[in-house]
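According to the working numbering, the sequence shown is numbered sequentially starting from 54.
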Amino acid sequence: MTLVYMPPSIRHFEPLHMVFSTWVDHLPFGYDLVAALRPRLLVELGTHKGLSYFTFCQAMKEQEIDGLCYAVDTFEGDSHTDKYDESVFTMVNNHNRQHYHGFSYLMRMFFNDALRHFSEDSIDLLHIDGFHTYEAVSEDFANWYPKVKPGGIILFHDVQARLQDFGAWKFWEEIRGHHETFTFNHGFGLGVLRKLGGDRSADPEVLKLLFGNGEEEAASLRAFYVHASKHLENMRKLKRLQGQAQGQGQAKAAS
Ligand SMILES: C[S@@+](CC[C@H](N)C(=O)[O-])C[C@H]1O[C@@H](n2cnc3c(N)ncnc32)[C@H](O)[C@@H]1O
54 MTLVYMPPSI RHFEPLHMVF STWVDHLPFG YDLVAALRPR LLVELGTHKG
104 LSYFTFCQAM KEQEIDGLCY AVDTFEGDSH TDKYDESVFT MVNNHNRQHY
154 HGFSYLMRMF FNDALRHFSE DSIDLLHIDG FHTYEAVSED FANWYPKVKP
204 GGIILFHDVQ ARLQDFGAWK FWEEIRGHHE TFTFNHGFGL GVLRKLGGDR
254 SADPEVLKLL FGNGEEEAAS LRAFYVHASK HLENMRKLKR LQGQAQGQGQ
304 AKAAS
């Protein structure tokens, strides 16, 4: 990589909301992408317990970005996540109100019913992470692509997950050659697609690295985010161990 890439996630980023999700390996990239794009409108299709969504929201807040975020989900689950109970929505709703009141909204509905609430060419950053069959991902893309701004970004999760009837990988294989794309292979894969058009003269560094077509830059960026997510995981482990040691110390002193 010719440039020294020093995104905000490595300077300071401590996820406020940690829940189990395979999105965990993409947290630093999700944070940096939002920080770089400074989206005025961000939409997520598929939020579940909120790991990806609240990472985006945290970046919006900490980077003082003046934009709006919408999380679309029935909050009932599907046959890949399994059906889940009301406690998931309650937890997500509480966290949203507590930390992101005023710019982040939960839209509890089907993706197709949310479509009419968004104008064509309006979304700066769209994350497609709903039901993962080939048919569902194709439908989400076909329905929502027109809503994305020219030059806007679409993220697809699980583009390397080849299990059960997951088909995001197949859909990604089909479309990646027809668009500007970048693929992260770790953490079940994250596809990044850029819609044609838009003003590219003031592109942030991360977009230049993602879509600049340099093989070496692409490999370095991939390696960078594998390390960044590993580092974040290690920091969390360290914090947990320190917390445990502190707890044991206090218990000893009290006995
Ligand atoms: C893979 S999970 C989302 C994971 C989440 N982005 C994360 O960071 O962990 C998929 C979610 O999409 C929702 N979902 C699937 N199909 C949907 C549809 N057609 N309309 C609304 N929600 C849907 C499910 O309820 C589920 O919560």
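Where is the CB? At the ideal position from N, CA and C, for every residue including glycine.
Assigned exposure category for residue i - 16 Cβ within 10 Å defines buried
{"i": "K248", "result": "buried"}
{"i": "H185", "result": "buried"}
{"i": "E117", "result": "exposed"}
{"i": "E97", "result": "buried"}
{"i": "H180", "result": "buried"}
{"i": "V57", "result": "exposed"}
{"i": "P203", "result": "exposed"}
{"i": "M113", "result": "buried"}
{"i": "D85", "result": "buried"}
Sequence-distant residues of its chain with Cβ nearer than 6 Å to residue i (five each side left out)
{"i": "S157", "result": "C110, C122, N149"}
{"i": "F107", "result": "H70"}
{"i": "M54", "result": "The predicted model places M54 with a pLDDT of 48, which falls under 50 and marks its position as unreliable; any figure quoted below should be read in that light. So the qualifying residues of the chain are E270, S273."}
{"i": "D89", "result": "Here residue 89 is Ala; the residue named in the question, Asp, does not match the sequence. So the list reads P257, V259, once near-sequence residues are dropped."}
{"i": "Y153", "result": "C110"}
Same chain, Cβ closer than 7 Å to residue i, five either side skipped, listed in chain order
{"i": "D78", "result": "H239, G240, S282"}
{"i": "F211", "result": "The sequence shown places Asp at residue 211, rather than the Phe named in the question. Here the set comprises H185, F219, A221, F241, G242."}
{"i": "L94", "result": "G120, L121, S175, I176, D177"}
{"i": "A167", "result": "V125, M160"}
beta-carbon residue i near ligand 1 non-hydrogen atom, thresh 8 Å
{"i": "S140", "result": "no"}
{"i": "E117", "result": "no"}
{"i": "G242", "result": "no"}
{"i": "Y106", "result": "yes"}
{"i": "V245", "result": "no"}
{"i": "V190", "result": "no"}
{"i": "V212", "result": "no"}
{"i": "W225", "result": "no"}
{"i": "F184", "result": "yes"}
{"i": "E129", "result": "yes"}
Whole-Å CB distance - residue i paired with residue j, under 8 Å assumed
{"i": "F264", "j": "E233", "result": "5 Å"}
{"i": "L104", "j": "H70", "result": "7 Å"}
{"i": "G230", "j": "T236", "result": "At roughly 12 Å, the Cβ-Cβ gap does not stay under 8 Å, so G230 and T236 are not in contact."}
{"i": "K223", "j": "Y187", "result": "5 Å"}
Any non-hydrogen atom of ligand 2 within 8 Å of residue i CB
{"i": "K200", "result": "No copy of ligand 2 appears in this structure; the ligands present are ligand 1."}
Contacting residues, own chain, Cβ-Cβ under 8 Å from residue i (five flanking each side not counted)
{"i": "K102", "result": "V72, F73, S74, V141, M144, V145"}
Could you tell me which whole alpha helix (DSSP H) segments of length 4 or greater appear in the stretch 98-144? Residue ranges of uninterrupted alpha helix (DSSP H) with 4 or more members, entirely inside the stretch 98-144 and ordered along the chain, are 104-115.
Which full runs of the beta strand (DSSP E) of 3+ residues lie inside the stretch 229-272, going along the chain? 233-237, 243-247
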